[in-house]
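> Going by the numbering used here, the first residue of the sequence shown is number 543, and it counts up by one from there. All C-beta atoms in this analysis are idealised placements derived from N, C-alpha and C, irrespective of residue type, glycine included. The structure follows.
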Amino acid sequence: NDDTRKLTCILYLNPDYEPDHGGELRLVLGADSARNQQQPQHLDLSPEGGRMVLFWSDEIPHEVLPCAPHQSKDDITTRYDRYALTVWIPDTDPRNIQPKGSRFESLRLAAFK
543 NDDTRKLTCI LYLNPDYEPD HGGELRLVLG ADSARNQQQP QHLDLSPEGG RMVLFWSDEI
603 PHEVLPCAPH QSKDDITTRY DRYALTVWIP DTDPRNIQPK GSRFESLRLA AFK
């Protein structure tokens, strides 16, 4: 694995964001055994302007959901773009990337079976 990203820091730059614009960050969480849920649950975070999100990128499975399409190709007043400033903090010691016995190991294993 050549990916050395350990920590992801995202600052969203979308001051006029509305829920129908899409582009959420999906974090995959563990299954809820108290509710007899076998599949991992997820948390979708909207890219609202000023929101900052930090998470262990090597251990928390995640994805960016697509932005909603424009109303029409001629509609230049409606934009559904997602802007963010992202910083990845790497770790050059491969033993620290996805360490065995981590408290998040079960999430990663469940998401990437």
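Pick out whichever of Arg645, Asp544, Leu555, Asp558 has its Cα sitting closest to the Cα of leucine 602.
If you number the sequence shown from 1, residue 602 lands on position 60. Before going on, a small fix: residue 602 reads as isoleucine here, not leucine. Ranking the options by Cα distance to isoleucine 602, first place goes to Arg645.
> Please identify the residue among His563, Pro561, Thr550 whose C-alpha is closest to the C-alpha of leucine 569.
Within the sequence shown, numbered from 1, the residue matching residue 569 stands at position 27. Cα-wise, what sits closest to leucine 569 is Thr550.
> Would you give the residue range spanned by the beta strand (DSSP E) that lysine 548 belongs to?
Here the question's residue 548 lines up with position 6 in the sequence shown. Looking at the DSSP string, the run of the beta strand (DSSP E) that includes lysine 548 is 547 to 554.
> When burial is assigned at 16 or more other CB atoms within 10 Å of the CB, is arginine 547 buried or exposed?
In the sequence shown, counting from the first residue as 1, residue 547 sits at position 5. So arginine 547 counts as exposed.
> Using a threshold of 8 Å, state whether the C-beta atoms of leucine 571 and leucine 585 are closer than that.
Here residue 571 refers to the residue found at position 29 of the sequence shown. Here residue 585 refers to the residue found at position 43 of the sequence shown. Yes, Cβ-Cβ distance for leucine 571 and leucine 585 is below 8 Å.
> Using only alpha-carbon positions, find the residue among Tyr554, Ala626, Leu567 that is nearest to glutamate 605.
Taking the first residue of the sequence shown as position 1, residue 605 is located at position 63. Measuring from the Cα of glutamate 605, the nearest candidate turns out to be Leu567.
> One question on the structure: do proline 582 and leucine 649 come within less than 8 Å of each other, judged by their Cβ atoms?
Taking the sequence shown and counting its residues from 1, one reaches residue 582 at position 40. Taking the sequence shown and counting its residues from 1, one reaches residue 649 at position 107. Against a cut-off of 8 Å, the Cβ pair of leucine 649 and proline 582 comes out as a contact.
> What residue range does the beta strand (DSSP E) around threonine 628 cover?
Within the sequence shown, the letter at position 86 stands for residue 628. Looking at the DSSP string, the run of the beta strand (DSSP E) that includes threonine 628 is 626 to 632.
> What would DSSP say about aspartate 562, mapped onto helix, strand or coil?
Within the sequence shown, the letter at position 20 stands for residue 562. Note: aspartate 562 maps to helix in three-state DSSP.
> Buried or exposed: where does proline 589 fall if 16 or more other Cβ atoms within 10 Å of its Cβ makes it buried?
In the sequence shown, counting from the first residue as 1, residue 589 sits at position 47. When all chains shown are included, proline 589 counts as buried.
> With DSSP as the reference, label leucine 649 as helix, strand or coil.
Here residue 649 refers to the residue found at position 107 of the sequence shown. Of the three classes helix, strand and coil, the one that applies to leucine 649 here is helix, per DSSP.
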